[in-house]
Each structure stands twice: as structure tokens, then as C-alpha cells.
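The structure under discussion appears below in the form of C-alpha cells.
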Amino acid sequence: MGAFAWLPPKFDPATAYLMSDFPVSWTRYRRMSKLIVMAAISQESQVLLQRALSKRITGWSTTAFTNRPNSAKYGRGIPGAKLQKRTTPGADGIHEFQLQYGGPIGRYNLTATLDLWKRKHAKNAR
């Protein structure tokens, strides 16, 4: 389905950084990347992250580089996700915008996450 990777907290000791999240192959569902992010911020992921870091993690953050002022991947349909900062130009020198997103982690378990994703996004098949 997909993969995600975390970095330990750098600035806020309770907020981990979602370094990477992506579906690993083509699928008929257009919003599969949202499911990967939602799984990354699930209760189960939070427990694994806290065990690996030996500290309490209550939030997450990530960066999106884009040419659009709002990222549809993180901005709509991810529970609790909020745009925290918009910088222009993007620090990568390629994209026009650098968007900082984040929110609480562990609000839903994986079963509830999948149910929510199905209700909101699974109907968008190719």
C-alpha cells in the first residue's frame, strides 16, 4: 500500500516530523496518499513512535513543497491537519511555496482511520 517515515522531534519535544509518506504502487484510488498520512498519524503509529523514541509524542508536522498555495494532500480530509505556515519561495529553489502542516497524532485507530478514509475518499476511483 504505502510507507511513511518519521524523524525525532527537533524544535517541539512532543512533535515528531513526518519525513516521508507515499503509496508504493499505482492504485485505482486517487486519494491513497491521504490514507498513508492518516495511517501515519494513527494511534498504532503513535505507540510505535513513542516506543522507538522513549518519549511521549502528541503531535506531528511535515513540509510540502508545491506550486499551489494549498496542498490538497494534507489540507483536506486529514483529521486535525492544519496549515501552520506558508513560505514563498520554497526553500528547495524549485517550488513556489513551502507549506508547513501538522496536528495532533493518535486521534483514531487504524480501523476508524480506514472507515473514515473510505467514507470520504474511496469513492474517488480512477
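According to the working numbering, the sequence shown is numbered sequentially starting from 3. We treat Cβ as the ideally placed atom computed from N, Cα and C, and that holds for glycine. What you are looking at is a predicted structure, and each value in this text was computed from that prediction instead of being measured.
Cβ neighbour criterion (16 or more within 10 Å) applied to residue i
| i | result |
| --- | --- |
| D23 | buried |
| A54 | exposed |
| I38 | buried |
| I80 | buried |
| W28 | exposed |
Spatial neighbours of residue i in its chain, beta-carbon cut-off 6 Å, leaving aside the 5 residues before and after
| i | result |
| --- | --- |
| W62 | A18, L20, I43, G104 and I107 |
heavy atom of the ligand FAD below 7 Å from residue i C-beta
| i | result |
| --- | --- |
| L116 | The model on display carries no ligand, and the ligand FAD is accordingly not part of it. |
Beta-carbon contacts of residue i that lie in its chain and below 8 Å, excluding the five residues immediately before and after
| i | result |
| --- | --- |
| T60 | A16, T17, P106, I107 and G108 |
Closest by C-alpha distance to residue i, when choosing among the options
| i | options | result |
| --- | --- | --- |
| R12 | T113, T64, L101 and A114 | First, the residue type needs correcting, since residue 12 is Lys and not Arg in the sequence shown. Of T113, T64, L101 and A114, the residue nearest in Cα terms is T64. |
| R70 | R33, W28 and F99 | F99 |
| L118 | Q48, K36 and T90 | K36 |
Span of the alpha helix (DSSP H) around residue i
| i | result |
| --- | --- |
| D14 | Where D14 is concerned, there is no enclosing alpha helix (DSSP H), given that its DSSP letter is neither H nor E. |
| S47 | Q45 to L55 |
| T35 | Sequence inspection shows Ser at residue 35; the Thr mentioned does not correspond to that position. Start and end: M34 to A42. |
Close-in-space but distant-in-sequence residues of the same chain around residue i (CB under 7 Å, 5 per side omitted)
| i | result |
| --- | --- |
| T115 | M40, A41 and S44 |
| A66 | S73, K75, Y76, L101 and Y103 |
Boundaries (first-last residue) of the beta strand (DSSP E) holding residue i
| i | result |
| --- | --- |
| W8 | G4 to L9 |
| R88 | K84 to T89 |
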